[in-house]
Amino acid sequence: MTAVLLPSLPVGFEALEAFATRHALPLRWAPPAAAGLQLLAVGAEDDRWLRLLTFSAQGCQLLLADEPELAAGLRVAFGAREIGEVLALPSDDPAEIVQLVGYAAALLQSGVCRGQPEEQAARELIIARLVSQDPIVRRLAGVLSWTLADEAGLEAVRAAAERFPDLLFAVDTLHQQLHEQAAGTLHDLPTTDTLELARRAREAAGQGQLERAKRTAELLLERQPWDSEGVYALGVGLSEDNPLAAAFLLGAASTAEDDAGQPEFPDAAARMAQLRELPVTPEQQQATEQLVLKFVRQWRGYSCAALSYGGAQALDGKLPSLQPLFSYLLGAWSSQIERLEQAAKLAPGVPQITLRWLEQLEQSEPERARAGMDALVEQLRQGLAPTPLEQQLEATLTGEGEPLTLGSLLARQAKAAYEAKDYDRAMQLATQALEHTPAELTALQVRALAATFSGRLEESLGAYAEALAAHDARYADGGAVFLSDPRPQMWFNRACTHAKLGRREAALEDLRRAVLGADRYAEEARKDDWFASLWEDPELLAIVAREPQALVLQEHRRPEHALALLGQAMDAENRGEPTVAAELAQQAALAAQLAGALPLQAEALAQKARTLALSGQLEPATQAATEAARLAEDPSVPPRVRGQVFAQVGLTRQAHGDLAGARAAYERSLAERRLASDGQDQALVARSELTLAALDLSEGSAHSALERALRALPILQQVVASGQAELTAHDDLVSAWLRQAAARFALGQHALAHEALTRSVEQVKRNAELGVQALPWMVQLLVDTADALLQAGVAEAGTTKAEARALLSTGHPEVDQILGVFRELRAVIAAWRALGRADADIASWISAATLGRELPAEIVQVHPLPELRPLFVRLGARHSTLLVTSAMALELLGTPGQLDKSLSDLEGLWVSAASAS
Amino acid sequence: MWLDGLREDVELARQLGLDWLGEEQGRLWSEQWKTSWSAAPWDPQFVERGLSLPERCHVVAQGPTRQRRTSSGGSILLLVHDRERDELAMLPSTAFPPFGMPYIGRTPASLRAAFADYVREPWPVPALPRTLRVLKPLELESVDIVLRTIEATEPWMDDGPWGGAHEGDPYDELPAQPGPIDLVLIGRRALEQHPGRPPSWSLRSLWSRSVLRIEQHPYGLWVFEVRYHPVQTDLQAPERLTSSVAFPPDLPVDVLPSLLRGETLVPSALEQLSLQGGPSPFYLAGACALGVGDPGVCTQIERLASRLVGTEHEHVAAEILSTYGHQVALARMGLASPTVRDPVEQLLVLSQQEAP
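Quick mapping for you: the protein sequence lines, in order, are chains A and B. Numbered as in my numbering, the first sequence ends at 917 without a single skipped number. Numbered as in my numbering, the second sequence ends at 1356 without a single skipped number.
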């Protein structure tokens, strides 16, 4: 290869192509050898090559020719010169000198003259200029001195920096570069991507780049301590620095298996066996101790027992200070009692180890185990100070979990005694445990249960109350979500106690709680003879039959509770969760029925009917509406409630397509609301008018609709002006203007229609100033109406349409887009439901559209399904956790009854991701 | 006559994935084409220019469909018969500027050649042989608007952009039917940037599989780079799309509309402009942004920098050279001008860390 310099010669593609053609080198383009370095190559099938390299920093280009003939041709064609000649040119002109420094650096960087005289000339040129008196020449030589790239070069730069401290930066740069070069990390970009780190760790370990393997694995294990790729690579990386630590890690990695059950690192065990036999210094032993303790602690946190076992096996008998730990890990993994006993004897001050040994011993020698446990309790009671190493071991084995205390140990003993039906001892131990740790949950539970089964029934009731209160507090702060809830068992046992004591009401109430918490207690109550006195009781029979009415707790059989549930049902409907809303409304109706609150029952049933109708479940909606209407005829129901019930009944009938029935119900609602006299009910009268106006419009009776809208308007204006109006009245006022606009439009009164529309937009804005946000469907109606007016030639409607559309905007285009997509999605879901499509199918379509899976042909193009995936991917690209969380939400969509809630969650997730951008 | 011959060539249809359309089907496609183009979100005059083509052309065949890789969007390749020229043209999408569609002749051989140019499979990015870099002085704070515009209005461009950390297209690693986990992994990695280079975002076109890379440079400059296989089909097509910029005739037209929005400067135009006006650091910054690895860049930069020596712009010029790591040029500037000597001495050291 001959390097030819093209100093200050503008070579373009065309010139080079022409040259190549003249020399019978048909163009063949080669991939770059390194980013930004090799620009193009031309060559022929017989491997004659020219390569043009551009060195921006050095301000020059090199043409490399692999044949002298080609090089000679370049001289003629471009006036190029061989670089050796150029570097040898004498010069005193600083401008020429800096250019020569550039050429020299380019030549070194290209590596084409390695081992040849030109390389030495280039190095000498740069080194000589490092001590130039001109700071510019000197510093340029310093900047480009990284191309010297070896220890000799570093020495030269150091020597220059001693004379000229302004070159210290160059020393640091070259030193760092050599270090990275030696480690093999020179080309590793900084990354936090664990997959990339794992790839590098695997590559470095495979190629024997020990320093790179170590550094990459450390970064990986900081994020994923369980990652076997990192454990193996760190083991390989440490094998020269610290054979003992390396043996531990390779032993751990040797337990890892691939999907086929084969060792993931087939050479790990053999490497480990070699390394563990190598001599180590005390410092290496000490470093190994710290590494072992760190990893065992982390692996316990992630339940990676196999890694700990593999590591322990590697160092078994090799590191005396940690032998108790290794014996413990080996014994615990394979349930070897001798190993555990050995561990306990080597480290008597580590209760976790002793306890594990005693638990194992319990199975073969219960007496000895019990004595050992007593001794352990005594040891803890005396509070003997453990050695520093024992403290470290205890902390390592405890990890992030609860430390072993005297209270928790006594509670364990109490539980064991309870399970052995030694109730007196159980109570005694539980009481002792609570003396040391008053909120010890296990002890509280055992004390109550033991009191029951030892016949101390009255005493047990107080114990249950205390235990349940402690558990309630723990569950209320979310501290026990991953544990199975013991409260249903305690409620059941307390129910047993009450039954035995003849306290029927209390027994049934606790049984209700138990059955609501866990179904199986219904069956147990049938069989458990503690309930014998109630077996014939109809209420007990209803509870164990799990009749909804019987399962309502006494404390919930109150109008206040029913009212609260009804409020929750309305909130759920507003949140777009009709399934939850309908269930809550049903519960409200039941609670109201049991409380004897008939008007409330009718109202709750009407709410249920409305929710079901709006979500397309027409048959159950009709049933609920019929029942609500029947109850509402009762004389005890006040006109306000009756008006509300018939309004919902009307809506249900309208959804069913029964317009005549709907009109009758709406008229009845209006009549009942007129009967009511206070200001609030006046607003409801107006609302009924507006509902009927909408019906009129849909039936083409625009005159009647206009009259109704004009009747409703002053009422609502007055109510809103009073400052006492509920939020709905503000919306209704917008509706009044909007209905008027629609009616006038239908009557051809376009100018008046536009005026009414303008007023409705103004009202929406006023409402917003008062904190009342417009309902999206209403704003959409404003936009649609404006659009219709625009089509009809009312030019001003364009501005109104823009204003209306702006009302839908959050000011954040991406958020608007997401909200729009979900709004449309809900409309599509409602339509699908009305067509009788199951939620499970709908959920699977949404998931498939989002995740890019295949969709049934008939819905592939259904708007807005095609918009889901681009949104998902775009947001996910910016927020990687969003992809994971969304994938989980999409899975939950398919859970029965969760479609609406999961959709809301998904929407919230995406909106917050977009807002954060 | 020749069209009937093509229609009857079953082997040709099979090879190219063509579905010859009946009169009515063709009419429906033509209507859709007209509707789609008249609503295209381009400058009204630009749209107007293309309105006559759906009138005088008839859609005669439906070609392959290409889906975008992360969304359900994409485009269908259509063949249209231009009655005035009496030859076929290839329409990458009904939203594609009609006057830019390449004409592909009337013989099986010319159709095969056109499909070889335009219906390509993805090619490893570093191995794409041709490179075009153009400068775009756009007043943008973020690339988002550009990417969204392309995604919304150019269905012949794929989605799933990737960042400058990747030499190749990371989506090439995806299986044919990616699952959610694949998406999570690719989503995490695709947009990563290289810490030592200007931030960039790359996209492929769906048909020629050319790669458009959008680079964000200092001083408010953007560079759009296209890496492509040169095409032999209809070398006049780029000029029909725009005559105001001299794009290479072998540039595949399916990547060209992405370059049309906003002002565009090709490297040769930059040099000419710098000679026409007074001295301005814009041309030096532009050459630095455009000239990454380009032949002749060193001499061009030296030349443009020397024109700024002794002017009010020389401090800015020194900063630009430092920013782009043109260290020899920077040193030469410091030696040439006493007024920038001190800053150049400082910048030389800084430039080692800051080169993009």
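Glycine included, every Cβ here is placed at the ideal spot set by N, Cα and C.
Amino acids of chain A, ordered along the chain, whose beta-carbon sits closer than 8 Å to that of residue i
i	result
B:Thr-1070	Gly-852, Arg-869, Pro-870, Val-873
B:Pro-1178	Gly-852
B:Arg-1341	Ile-136
B:His-1326	Ser-56, Ala-57, Gly-59
B:Gly-1334	Ile-136
Exposed unless 16 or more other CB atoms sit within 10 angstroms - verdict on residue i
i	result
A:Trp-357	buried
A:Thr-442	buried
B:Ala-1331	buried
A:Arg-223	exposed
A:Gln-413	buried
A:Ser-722	exposed
B:Glu-1151	buried
B:His-1326	buried
A:Glu-573	buried
B:Met-1001	exposed
A:Val-292	buried
A:Lys-421	exposed
B:Trp-1162	buried
A:Tyr-666	buried
B:His-1081	buried
A:Leu-315	buried
A:Arg-526	exposed
B:Pro-1102	buried
A:Glu-920	Any answer about residue 920 of chain A is impossible in this case: the structure gives chain A only from 1 up to 917.
Sheet register partners of residue i (DSSP bridge)
i	result
B:Glu-1225	B:Arg-1133, B:Arg-1213
A:Gln-61	A:Thr-54
B:Ile-1076	B:Thr-1065
A:Val-171	Beta-bridge pairing links A:Val-171 to no other residue.
B:Val-1059	B:Val-1080
B:Leu-1265	B:Leu-1135
B:Tyr-1103	B:Ala-1089
A:Pro-263	A:Glu-257
B:Asp-1019	B:Gln-1062
B:Trp-1162	B:Ser-1202
Partner residues on chain B for residue i, Cβ-Cβ distance less than 8 Å
i	result
A:Asp-784	Within 8 Å Cβ-Cβ: nothing; A:Asp-784 doesn't reach chain B, min ~20 Å.
Cβ-based neighbour list, residue i, same chain, cut-off 6 Å, excluding 5 preceding and 5 following
i	result
A:Arg-711	Glu-689
B:Ser-1093	Ser-1075, Pro-1155, Trp-1156
B:Gly-1291	Val-1297
B:Ala-1040	Val-1047, Ala-1095
Partner residues on chain A for residue i, Cβ-Cβ distance less than 7 Å
i	result
B:Glu-1345	Pro-135, Ile-136, Arg-139
B:Ala-1329	Gly-59
B:Glu-1314	Within 7 Å Cβ-Cβ: nothing; B:Glu-1314 doesn't reach chain A, min ~15 Å.
Contact list for residue i against chain B, beta-carbon separation under 7 Å
i	result
A:Pro-538	Within chain B, no residue comes near A:Pro-538; the closest Cβ sits about 52 Å away, beyond 7 Å.
A:Pro-635	Within chain B, no residue comes near A:Pro-635; the closest Cβ sits about 59 Å away, beyond 7 Å.
Other residues of its chain near residue i: CB distance less than 7 Å, five sequence neighbours each side excluded
i	result
A:His-556	Ala-591
B:Trp-1020	Arg-1007, Ala-1013, Val-1060, Ala-1061
A:Asp-918	A question about residue 918 of chain A goes unanswered here, because the residues of chain A that appear run from 1 up to 917.
A:Ser-760	Val-734, Trp-737, Leu-738, Ala-741, Leu-782
Nonlocal neighbours in the same chain, by C-beta distance under 8 Å from residue i, ignoring five residues either side
i	result
A:Glu-338	Gly-331
B:Pro-1126	Glu-1167, Gly-1168
Of all the residues that make up the region 71-104 of chain A, which are near chain B by a beta-carbon distance shorter than 8 Å? Within the region 71-104 of chain A, contact with chain B at the beta-carbon level (separation under 8 Å) is assigned to Pro-94, Ala-95, Val-98, Gln-99, Val-101, Gly-102.
For the region 141-153 of chain A, enumerate the residues whose C-beta is nearer than 9 Å to any C-beta of chain B, in chain order. Taking 9 Å as the Cβ-Cβ cut-off against chain B, the residues of the region 141-153 of chain A that qualify are Gly-142, Val-143, Leu-144, Trp-146.
Which residues, in chain order, does the region 1147-1168 of chain B contribute to contact with chain A at a C-beta distance below 9 Å? Leu-1147, Arg-1148, Glu-1151, Asp-1159, Gly-1160, Pro-1161, Ala-1165, Glu-1167
Using a Cβ-Cβ cut-off of less than 9 Å, list which residues of the region 1060-1092 of chain B approach chain A; keep chain order. Arg-1068, Arg-1069, Thr-1070, Ser-1071, Ser-1072, Gly-1073
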